[in-house]
Amino acid sequence: ILNVEQSPQSLHVQEGDSTNFTCSFPSSNFYALHWYRWETAKSPEALFVMTLNGDEKKKGRISATLNTKEGYSYLYIKGSQPEDSATYLCAFSEGAQKLVFGQGTRLTINP
Amino acid sequence: GAVVSQHPSWVICKSGTSVKIECRSLDFQATTMFWYRQFPKQSLMLMATSNEGSKATYEQGVEKDKFLINHASLTLSTLTVTSAHPEDSSFYICSAGGSTDTQYFGPGTRLTVL
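Read top to bottom, the protein sequences are chains A and B. Numbered per this note's numbering, the first sequence finishes at 112, counting up by one with no gaps. Numbered per this note's numbering, the second sequence finishes at 509, counting up by one with no gaps.
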């Protein structure tokens, strides 16, 4: 059974502060690591698909890094804004299609 | 682009009835769609993979006769929960695969079986 762990489960951050959280996944049979942002009552939004060890991707104030040898990825948010409040999901895949999700990190930005 | 809709967004039904959930890719064609469910405080779990024009592939532990999946066109997949029972109450969400490895998700359906 593949196990994907995200930590912390929840996080409260003051507006303007930067934050980061972790996704741990199996280091064998790696194909891709996905990050999604999921706001309440909306569809999960794809942030990044990462495939190469050492890769770093950036989208505005959000960036992610990948270490496939040790099986972890970090998601960073710089200068948090209230609209960043959401649940952030990571998902590991061994192949092109099947995703195994973590439980998510619920981020709340306090104004 | 890459918008996926899901209908209904919530449904309440009586035990023993069947419920159909629709998943549509609105602005792209999806040869493959996926159905997940999420129980409280748990992660999204893949139930089945649906390929247009062929039978769905179910994950271990998911009853194919209870969760009927039809993917008759490149933009529509349906999940029918047959003879629903309270233990089937969950959040069901679909996704559609685009031209890359990214999956695009619908907003989900909250099913409550009384």
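Cβ atoms here follow ideal geometry from the backbone N, Cα and C, with glycine treated the same way. Remember, it's a predicted structure, so these values are computed and weren't measured experimentally.
Say whether chain A places a C-beta atom closer than 8 Å to the C-beta of residue i.
i: aspartate 496/B; result: yes
i: glycine 456/B; result: no
i: proline 403/B; result: no
i: threonine 470/B; result: no
Along the chain, where does the beta strand (DSSP E) containing residue i start, and where does it finish?
i: leucine 469/B; result: Neither: leucine 469/B is in no beta strand (DSSP E) and is coded neither H nor E.
i: threonine 20/A; result: 20-25
i: histidine 13/A; result: 11-15
i: arginine 419/B; result: 414-420
i: phenylalanine 93/A; result: 87-94
i: isoleucine 63/A; result: 63-68
i: threonine 497/B; result: Premise fails: threonine 497/B is in no beta strand (DSSP E) and is neither H nor E.
i: phenylalanine 429/B; result: 427-433
i: lysine 43/A; result: Counting along the chain, lysine 43/A falls outside any beta strand (DSSP E), and DSSP gives it neither H nor E.
i: glycine 492/B; result: 485-492
i: glutamate 57/A; result: 57-60
Does any residue of chain B have a CB that is nearer than 8 Å to the CB of residue i?
i: asparagine 44/A; result: Per the sequence shown, the amino acid found at residue 44/A is serine instead of asparagine. It does: the Cβ of serine 44/A has a partner Cβ on chain B nearer than 8 Å.
i: glycine 17/A; result: no
i: valine 50/A; result: yes
i: alanine 87/A; result: no
Whose Cβ in chain A lies nearer than 8 Å to the Cβ of residue i?
i: glutamine 437/B; result: Gln104
i: glycine 411/B; result: The contacting residues do not exist; glycine 411/B stays about 29 Å from chain A at best.
Cβ closer than 9 Å: which chain B residues qualify as neighbours of residue i?
i: leucine 100/A; result: Phe429, Tyr431, Leu439, Leu441, Ser490, Gln498
Going along chain A, which residues have a C-beta under 9 Å from residue i?
i: threonine 426/B; result: By Cβ distance, chain A contributes nothing, its closest Cβ being about 11 Å from threonine 426/B, past 9 Å.
i: glycine 448/B; result: Ordered by position in chain A, no residue passes the 9 Å Cβ test against glycine 448/B, which lies about 17 Å from the chain.
Mind pulling the chain A residues with CB within less than 7 Å of residue i?
i: glycine 399/B; result: Just to set this straight, residue 399/B is valine in the shown sequence, not glycine. Within chain A, the residues near valine 399/B are Ser44.
i: threonine 504/B; result: Within chain A, no residue comes near threonine 504/B; the closest Cβ sits about 12 Å away, beyond 7 Å.
i: threonine 475/B; result: The contacting residues do not exist; threonine 475/B stays about 22 Å from chain A at best.
- Message: By the 7 Å beta-carbon criterion, what residues does the stretch 50-80 of chain A contribute toward chain B?
- Response: Val50
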